[in-house]
Amino acid sequence: MLIARYLLGIALFALFFFLLKRLIASFLRGSSTKGREGVNLVEDPFCHTYLPREKAIEMRIKGVTYYFCSRNCAEAFEKKAAGVA
Ligand SMILES: [Zn+2]
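Next comes the structure, spelled out in structure tokens:
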């Protein structure tokens, strides 16, 4: 009984720590590259649409982070990138 509570405590702590780390990481990333107007525009490399980074879908392909306007563009670009290499 006691060990189960102990393990649950560890699991909750790990989850909390993980969420906190993500929150800090996103906060640091957002504040360090903030544009003059406070909106970061990113280009969708597939359809070449500009959109705010907050609304973009982020995807890492071969160590490079890309931003997409939609899941469709992200998947199409990923397939294209995989096919070329
Ligand atoms: Zn797009």
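With the numbering used here, the residue at position 55 of the sequence shown is 1415, and numbering never jumps. Idealized CB from N, CA, C, for every residue including glycine.
Residue 1426 is not a Cβ neighbour of residue 1412, given a cutoff of 8 angstroms. Residue 1361 has its alpha-carbon roughly 32 angstroms from the corresponding atom of residue 1382. Under the three-state reduction of DSSP, residue 1378 is assigned to helix. The straight-line gap separating the alpha-carbon atoms of residue 1363 and residue 1374 is approximately 16 angstroms. Not a single heavy atom of ligand 1 lies less than 7 angstroms from the C-beta of residue 1386.
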